[in-house]
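Written out as structure tokens, the structure is:
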């Protein structure tokens, strides 16, 4: 019998009525001839309420206790979901992280799943019972409760689907799929019918916050077909799947923007070997991730022979970090500015990263050039550029981000249906 | 090092401020040279909130899911208590029922503890860590979460104290001890300094709702000294301990009243062998507990020789059940009334059971007679009587219950300090 995993997020279980609606959906899926496993998040607002209690008690709560506290949110919705399925005439049984042996490492508040006891799930669904799993949580080797980080229920769902060999993992959410751009910004944005894991990874990391990025990594690793769809309609959403030949015909799949980064510029640093390593080594030591890096051309004062540094050559180094990491990055820059000979430090939080993503880029040259031309045509200045095999990102002024998204979306012809 | 278990009930952890207060109390106990284990209830109102959610989903919730839901209340307070102890500079670690292997049977919503992994607790306290245990919950052989029933955290506390061989189990509550009578009814009521387990059992079952009755049974079985005291003062409360010679000198320790029962009367039933067994067997089959039983003298119509029933002898049978069981008791009575030949059924919910309790009764004759005289002197009619080795109970009209308590309390001289 086909085996379907259905994940309901916080807004989809935000009230008892919505829990009842989700229960009916799970039952309908079962009655259509499937075995069903349901993964639930905490009721919307509950995780924040619990974390606020902890932070009201102490400014820096112990991570182990925080996880024991936060895990209750999903425990409550799992029990209520099982009751709602029973109330609608079905069979259901809830399971917590420790009961399904969702084994994780001990990195409290951001644990990673290592193994799942699939037999408990597959044995329980056999007699027509819907298995309800508390998302977001696991248990470490010592029996401590762990959580997977924000949005972790997506990862729970995909990991359970992978462990039991589910035929599909449906992610029910409050939007009806993944779009070619944010519809609030770009009225011509279209729902994408099918997208590859690789493209989804780039879009997820760029601000299309429909799916937690780690869940896409797990889905890709184990080849779990993921269906992102609306809790509030029967319409099909977006399938996130392994790539096949059909993907290659489309050059650009979507456009995303992200205002979560800030730009840091070190002015007039010594252009000598090891300077860049010193800067980014110091950031790495503080566990600060860097996204875009640009080293401007060296300003050579000319004169004596020999390497540029020996002649006192200067250059500028620009990079971006997340805005949440910026205060810590400033501390690091203050500490190392002198040793790399920087004559100035500049910070800019009014920036946005705009990206175009598409598997087709691998075989179609000229996407970057076309992107730069489109932005130039709209009078939008590019402050920095970074590229990967399947995406090109440009840093622009924050107040031009929406313009840039619309320009690129229409310029790459995404408004008209393209991929079947 | 002495080992102290401290249990904080729902009102004692009802707000973050009170949790902080309880945390300071635990730390002060530790700094006074003890190892400390803290047991917490859910924040007051939380268990009711959770159960209401379940009952809003379905009228008769599945007991297994109900327990998974309700157990989150104590999980939240345990994590917050651990954080509060840490915030105050201490070391703390929370444990749930499944983490301490508080093994119970599988009677969801009213499970009984079978075993506790004491080594986990004793190992953890060794380095100065305060162990915080979520009360009320356990885990069965299959890893299902169970709860111990209302007031179950008292039982958790005493059971943990017994398992680890604690020197005392302190029960912090919103009253400052056990009284000779309800101070709201009887202004001359005194706090009892020491009371035996047996007396406490009788008082607990009679409505002095300071300690859950099952916790007293466990304390008695394992000889755990229990100290019932106020969360809001430093004063000593009431010690519940094993009996010693000093207890014998006091005839009556306390007076209690209980309006939780209703009287059932079968009028004119056949006075034949097996009739009583039929009535109470039918009640037992429905799991309805019966407290007082009175069979009135048979009314013999006279005439033929032989056993009374053969001559058509009739009698009345009266008993009491809890008011919550009364609707089900009525169904049973309707079913069996004809087969025991009852000519009428009467129910009275306006009754109260008033009891005097004291170990000294075992060696002092005449307590019952003195009780009847005192009630008669106050013009209070006795509807039924039951006795045990250490208590005498009389059923009276509900509107005379307070009068009866005051009369007996003063009549037995309880107003003046008696026991050291």
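Protein chains in written order, with our numbering: chain A, 1 to 420; chain B, 1001 to 1420.
Note that CB positions come from ideal geometry on N, CA and C, so glycine has one too.
Nonlocal neighbours in the same chain, by C-beta distance under 6 Å from residue i, ignoring five residues either side
i	result
residue 418 of chain A	Any reading at residue 418 of chain A must be qualified, since the residue scores a pLDDT of 49, below 50, and its modelled position is unreliable; no value is offered.
residue 224 of chain A	158, 161, 162, 169
residue 1185 of chain B	1402, 1405
residue 1152 of chain B	1136
residue 1282 of chain B	1332, 1336
residue 149 of chain A	110
residue 421 of chain A	The structure shown does not extend to residue 421 of chain A, since chain A spans only 1 to 420, so no value can be given for it.
Whole-angstrom distance between residue j and residue i, CA atom to CA atom
i	j	result
residue 3 of chain A	residue 105 of chain A	28 Å
residue 394 of chain A	residue 372 of chain A	9 Å
residue 36 of chain A	residue 78 of chain A	14 Å
residue 65 of chain A	residue 1194 of chain B	38 Å
residue 293 of chain A	residue 387 of chain A	11 Å
residue 13 of chain A	residue 1360 of chain B	60 Å
residue 338 of chain A	residue 1083 of chain B	41 Å
residue 1272 of chain B	residue 1289 of chain B	23 Å
residue 196 of chain A	residue 243 of chain A	5 Å
residue 100 of chain A	residue 94 of chain A	10 Å
residue 1055 of chain B	residue 1209 of chain B	26 Å
residue 382 of chain A	residue 392 of chain A	12 Å
residue 1143 of chain B	residue 1119 of chain B	19 Å
residue 1139 of chain B	residue 1076 of chain B	17 Å
residue 1212 of chain B	residue 1032 of chain B	29 Å
residue 368 of chain A	residue 347 of chain A	26 Å
residue 995 of chain B	residue 1154 of chain B	The first residue shown for chain B is 1001 and the last is 1420, placing residue 995 of chain B beyond what the model contains.
residue 102 of chain A	residue 141 of chain A	10 Å
residue 1313 of chain B	residue 1287 of chain B	30 Å
residue 1355 of chain B	residue 1257 of chain B	6 Å
residue 1016 of chain B	residue 1009 of chain B	14 Å
residue 1414 of chain B	residue 1187 of chain B	11 Å
residue 20 of chain A	residue 26 of chain A	10 Å
residue 183 of chain A	residue 1088 of chain B	49 Å
residue 1278 of chain B	residue 1222 of chain B	38 Å
residue 18 of chain A	residue 7 of chain A	13 Å
residue 23 of chain A	residue 85 of chain A	5 Å
residue 334 of chain A	residue 384 of chain A	23 Å
residue 1171 of chain B	residue 1380 of chain B	37 Å
residue 123 of chain A	residue 134 of chain A	18 Å
8 Å contact criterion, which residue i and residue j should meet: CB distance rounded
i	j	result
residue 409 of chain A	residue 255 of chain A	5 Å
residue 67 of chain A	residue 145 of chain A	5 Å
residue 74 of chain A	residue 121 of chain A	Rounded, the Cβ-Cβ distance is 16 Å, inconsistent with contact.
residue 230 of chain A	residue 316 of chain A	Going by Cβ atoms, the distance from residue 230 of chain A to residue 316 of chain A rounds to 47 Å, so no, they are not a contact pair.
residue 129 of chain A	residue 91 of chain A	4 Å
residue 1180 of chain B	residue 1228 of chain B	With a Cβ gap of about 14 Å, residue 1180 of chain B and residue 1228 of chain B do not count as contacting.
residue 344 of chain A	residue 267 of chain A	4 Å
Contact set for residue i: own chain, Cβ-Cβ below 7 Å, skip 5 residues either direction
i	result
residue 159 of chain A	113, 116, 218
residue 70 of chain A	47, 50, 51, 147
residue 261 of chain A	291, 320, 321, 322, 323, 351, 353
residue 362 of chain A	389, 390
residue 398 of chain A	259, 350, 351, 352
residue 1427 of chain B	Residue 1427 of chain B cannot be examined here, being either before or after the span of chain B that is shown, 1001 to 1420.
residue 295 of chain A	276, 315, 317
residue 44 of chain A	10, 11, 14
residue 329 of chain A	264, 283, 288, 321
residue 358 of chain A	199, 250, 251, 252, 253, 390
DSSP beta-bridge partners of residue i
i	result
residue 1348 of chain B	B:1263
residue 401 of chain A	DSSP output for residue 401 of chain A lists no bridge partner at all.
residue 1007 of chain B	B:1039, B:1171
residue 319 of chain A	A:264, A:293
residue 1254 of chain B	B:1357
residue 195 of chain A	A:240
residue 1247 of chain B	Partner(s): none; residue 1247 of chain B has no beta bridge.
residue 139 of chain A	A:103, A:145
residue 92 of chain A	A:130
residue 1115 of chain B	B:1103
residue 1227 of chain B	B:1170, B:1239
Cutoff 8 Å; reference residue i; Cβ partners in own chain excluding five residues on either side
i	result
residue 1107 of chain B	1146
Fully enclosed by the stretch 351-396 of chain A, which alpha helix (DSSP H) runs are 4 residues long or longer? As far as the stretch 351-396 of chain A is concerned, its whole alpha helix (DSSP H) runs of at least 4 residues are 367-377.
Would you list, in sequence order, the uninterrupted beta strand (DSSP E) runs of no fewer than 3 residues that lie entirely inside the stretch 159-184 of chain A? Segments of the beta strand (DSSP E) lying fully in the stretch 159-184 of chain A: 168-173.
Near-chain E residues of the stretch 27-46 of chain A (beta-carbon distance less than 9 Å), N- to C-terminal order: Protein chains in the displayed structure are A and B, and chain E is not among them.
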